[in-house]
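**Student:**
Residue numbers (the working numbering): 23 to 470.
1. What do you reckon, are the CB atoms on residue 86 and residue 218 nearer than 8 Å?
2. Tell me the DSSP secondary structure of residue 451 in three-state form.
3. May I have a chain-ordered list of the alpha helix (DSSP H) segments no shorter than 4 residues that lie completely inside the stretch 102 to 181?
4. Count the C-beta pairs between the stretch 105 to 116 and the stretch 67 to 85 that are closer than 8 Å, then say yes if the count reaches three, no if not.
5. To the nearest angstrom, how far is the alpha carbon of residue 339 from that of residue 302?
6. Quick test of your reading: residue 457 and residue 357, contact by CB under 8 Å. State the CB separation rounded to the nearest angstrom.
7. Less than 8 Å between the beta carbons of residue 245 and residue 231, yes or no?
8. Might you give, ordered along the chain, the residues of its own chain that have their beta carbon closer than 6 Å to the beta carbon of residue 175, omitting 5 neighbours on each side?
9. If we count Cβ pairs, one from each stretch, closer than 8 Å, do we get three or more for the stretch 339 to 355 versus the stretch 386 to 402?
10. Alpha carbon to alpha carbon, how far is residue 447 from residue 416? Give it in angstroms, no decimals.
11. Just to confirm, are residue 151 and residue 419 a CB contact at a threshold of 8 Å?
12. Taking CB distances under 8 Å as the criterion, tell me whether residue 76 reaches chain B.
13. Three-state secondary structure (DSSP) at residue 400?
14. With a CB to CB cut of under 8 Å and the five nearest residues on each side skipped, what residues in its chain are close to residue 220?
15. Bridge partners of residue 456, per DSSP?
16. Mind checking residue 318: buried by the 16 CB within 10 Å criterion, or exposed?
17. Is the beta carbon of residue 215 less than 8 Å from the beta carbon of residue 184?
18. Could you please give the first and the last residue of the uninterrupted beta strand (DSSP E) stretch that includes residue 209?
19. Taking the CB atoms as reference points, tell me whether residue 243 and residue 235 lie closer together than 8 Å.
20. Compute the distance between the beta-carbons of residue 362 and residue 385, then report whether it is under 8 Å.
21. DSSP has residue 426 in a bridge; who is on the other side?
22. Whose C-alpha, out of 348, 296, 355 and 169, is nearest the C-alpha of residue 334?
23. When the Cα atoms are used, what is the spatial distance from residue 453 to residue 284?
24. Could you have a look at residue 89 and say whether DSSP puts it in helix, strand or coil?
25. With a cut-off of 8 Å on the beta carbons, I'd call residue 195 and residue 238 a contact; round off their distance for me.
26. Quick one: complete alpha helix (DSSP H) runs, 4+ long, within the stretch 302 to 344?
27. Which class does residue 442 belong to by DSSP, given the choice of helix, strand or coil?
28. Excluding the 5 residues flanking residue 313 on each side, which residues of the same chain have their C-beta closer than 7 Å to its C-beta?
29. May I have the straight-line CA-CA distance separating residue 323 from residue 171, to the nearest angstrom?
30. State the beta-bridge partners of residue 219 as determined by DSSP.
31. Does DSSP put residue 464 in a helix, in a strand, or in coil?
32. Measure how close the beta-carbons of residue 178 and residue 291 come, nearest whole angstrom, since I'm counting them as under 8 Å.
So, in structure tokens, the structure goes:
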């Protein structure tokens with residue numbers, strides 16, 4: 023979406039407007055005509071000026087732009103102001119590395135990493151329908167794909183600590199022919215991104231087991247242990263490392279380690295996962311494929327799953343250019359800030375916490391490069407190309423799935439909507455703008 027489509031504006035009172043009165047000022051063009059009310063489009067121009075100054079190591083211009091942004095930013099303002107606050111923090115973090123002698127802003131830009139209880143996590147994923155949309159669409163597609171199977175094995179690659187599965191377990195318990203036996207396998211390593219949970223994967227599995235037992239669903243939960251990952255976290259805690267050792271995990275994704283069985287329906291579930299796998303080409307690497315992202319897809323395709331679910335945010339944050347990432351990120355991440363504006367007060371602790379987690383994402387997108395920048399989101403159309411190149415065929419989500427998602431959205435603010443895109447993709451929208459896509463895939467060999 024484009025920032026100029028947003029209606030809200032931010033009025034500011036500049037304490038030192040003479041700073042920009044000289045024709046030599048690099049900011050004069052960006053600020054001309056909008057000093058009194060900085061709307062989204064003007065804020066975007068300021069952010070791009072700051073990005074350009076950082077890329078050219080121009081500490082003076084960086085300070086000038088940040089001074090203006092600091093007048094705009096407010097954690098209790100309108101969506102543009104709140105979003106700008108997190109961008110400013112991320113830019114300060116990056117500037118402190120690029121031109122530290124020029125920085126005189128007080129305070130740290132480091133965003134606290136908040137751990138939640140299981141109850142708090144349930145509230146978190148229910149806050150706005152980004153996660154619930156993916157859960158609902160995925161579970162409905164999985165339920166249809168495993169019809170007639172008495173044994174089901176789900177390889178769960180997601181960041182939401184298995185919050186998706188109680189709903190599926192409940193649905194399986196109500197199958198007319200009786201529930202299948204269900205196995206869920208999760209990796210021991212996880213990208214260091216929100217939401218953070220203050221219990222282990224084993225504890226999550228125990229809670230799921232208790233729930234499945236209550237619903238009379240035969241259940242087994244397994245964690246893929248990666249010795250090299252566990253050893254590394256003893257030296258450097260997970261929350262302080264940007265590398266979640268995916269290359270090592272890939273080596274552990276084998277039929278023997280996963281204990282794959284011929285009599286089970288295999289489901290691969292990827293919720294907000296692919297974006298954290300490097301899409302950088304591995305030239306000269308021992309990895310067989312062009313990137314770890316492609317290697318993962320070809321690995322799971324070789325397992326011959328009955329369905330692969332891919333859900334993620336529909337935006338392109340993988341560009342090497344800082345200016346491109348800022349433009350896309352600012353326009354895209356305005357959506358959750360605007361959505362939260364509709365139903366939570368400005369001083370709501372829930373809203374502050376959720377927006378802080380978005381700030382964590384912004385910090386990684388802007389402040390880091392190379393392997394430390396793990397936020398490498400690709401839009402649905404690009405992900406679909408990868409899936410097809412890896413040997414998968416798209417499966418359109420059925421009308422029952424669409425009906426369930428539509429019912430879910432009726433529980434939320436009226437700005438949320440849904441549409442089909444490219445025939446096979448179900449898209450969650452906010453005020454008509456794409457936010458999250460859901461797709462289902464099968465190996466081409468399975469169709470032959």
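Glycine included, every Cβ here is placed at the ideal spot set by N, Cα and C.
**Tutor:** From the atom records:
1. Contact annotation: residue 86 and residue 218 have beta-carbon atoms that are not nearer than 8 Å.
2. It is a strand residue.
3. Unbroken alpha helix (DSSP H) stretches of 4 residues or longer found wholly inside the stretch 102 to 181: 140 to 149 and 152 to 167, given in chain order.
4. Short answer: they touch.
5. Rounded to the nearest angstrom, the two C-alpha atoms are 13 Å apart.
6. Under the criterion of beta carbons closer than 8 Å, residue 457 and residue 357 qualify as touching, at roughly 5 Å.
7. Cβ atoms of residue 245 and residue 231: not closer than 8 Å.
8. Result list for residue 175: 205, 286 and 288, in chain order.
9. Contact annotation: the stretch 339 to 355 touches the stretch 386 to 402, with at least three C-beta pairs closer than 8 Å.
10. Near 9 Å, if we compare the C-alpha coordinates of residue 447 and residue 416.
11. No; because the gap between Cβ atoms is not below 8 Å, this pair is not in contact.
12. Given the protein chain composition of this structure (a single chain), no chain B is represented.
13. Residue 400 falls in the coil class under three-state DSSP.
14. Counting only Cβ-Cβ distances below 8 Å, and skipping sequence neighbours, we find 137, 138 and 139.
15. Partner(s): 451.
16. A residue is called buried once 16 or more other Cβ atoms fall within 10 Å of its Cβ, and residue 318 is buried on that count.
17. The criterion of a C-beta distance shorter than 8 Å is not satisfied by residue 215 and residue 184.
18. According to the DSSP assignment, residue 209 belongs to the beta strand (DSSP E) that extends over 203 to 209.
19. No; because the gap between Cβ atoms is not below 8 Å, this pair is not in contact.
20. No, the pair does not count as a contact, with Cβ atoms beyond the cut-off.
21. Residue 426 is not bridged to any residue.
22. Per the Cα distances, 296.
23. Whole-angstrom Cα-Cα distance: 45 Å.
24. Taken through DSSP and simplified to helix, strand or coil, residue 89 comes out as helix.
25. The Cβ separation is near 6 Å, so the contact holds.
26. Runs of the alpha helix (DSSP H) spanning 4 or more residues and lying entirely within the stretch 302 to 344 occur at 314 to 323, in chain order.
27. Reduced to three states, the DSSP call for residue 442 is strand.
28. Same-chain partners within the cutoff: 300, 301, 302, 303 and 304.
29. Roughly 20 Å between the two C-alpha positions.
30. Answer by DSSP bridge pairing, in chain order: 138.
31. Strand.
32. The pair is a contact, with the Cβ atoms about 5 Å apart (cut-off 8 Å).
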